[in-house]
Amino acid sequence: KKHIDVIKLLLDNGAPVDSGYGSDGCRETALHHACAIGHLDMMKLLIERGANIENQGHFGTALGFAVHYHQREATKFLLDRGADASV
Numbered sequence: 025k026k027h028i029d030v031i032k033l034l035l036d037n038g039a040p041v042d043s044g045y046g047s048d049g050c051r052e053t054a055l056h057h058a059c060a061i062g063h064l065d066m067m068k069l070l071i072e073r074g075a076n077i078e079n080q081g082h083f084g085t086a087l088g089f090a091v092h093y094h095q096r097e098a099t100k101f102l103l104d105r106g107a108d109a110s111v
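Numbering (our numbering), first residue to last: 25 to 111.
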């Protein structure tokens, strides 16, 4: 709950929902990391706020992160929202 409150505060104050980081040229976003740990509430918030589910990170898109980390519910959540399963 506390993490969601902090993310809401940041987004409400202008933080870009798709900002990313990565020293290897990959730009992993908060959505990638929420998918990696299967944090569905965070995923929902980020997508509602405009996160791009097709942004590329180290393991590909958010769907790639969910699959790589064996997050079944996160995988289904993304597929139900139109994530491209071919990448």
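The beta-carbon is built from N, C-alpha and C at its ideal position, and this holds for glycine as well.
Can you give me the Cβ contacts of residue i inside the same chain, cut-off strictly under 7 Å, excluding the 5 residues immediately before and after it?
i	result
Phe83	Phe89, His92
Glu78	Thr85, Asp108
Return the residue from the list the options that minimises the CA-CA distance to residue i.
i	options	result
Ser43	Gln80, Asp104, His27, Ala60	Gln80
Gly38	Gly74, Met67, Asp108	Gly74
His63	Phe101, Gly106, Arg105, Arg51	Phe101
Met4	Val41, Ser110, Asp36	The requested residue 4 is not part of the displayed model; the chain covers only 25 to 111.
His94	Asp104, Ala60, Arg105, Leu103	Ala60
So for residue i, helix, strand or coil by DSSP?
i	result
Gly74	coil
Gly88	helix
Quick one: is residue i buried, meaning 16 or more other Cβ sit within 10 Å of its Cβ, or exposed?
i	result
Glu72	exposed
His27	exposed
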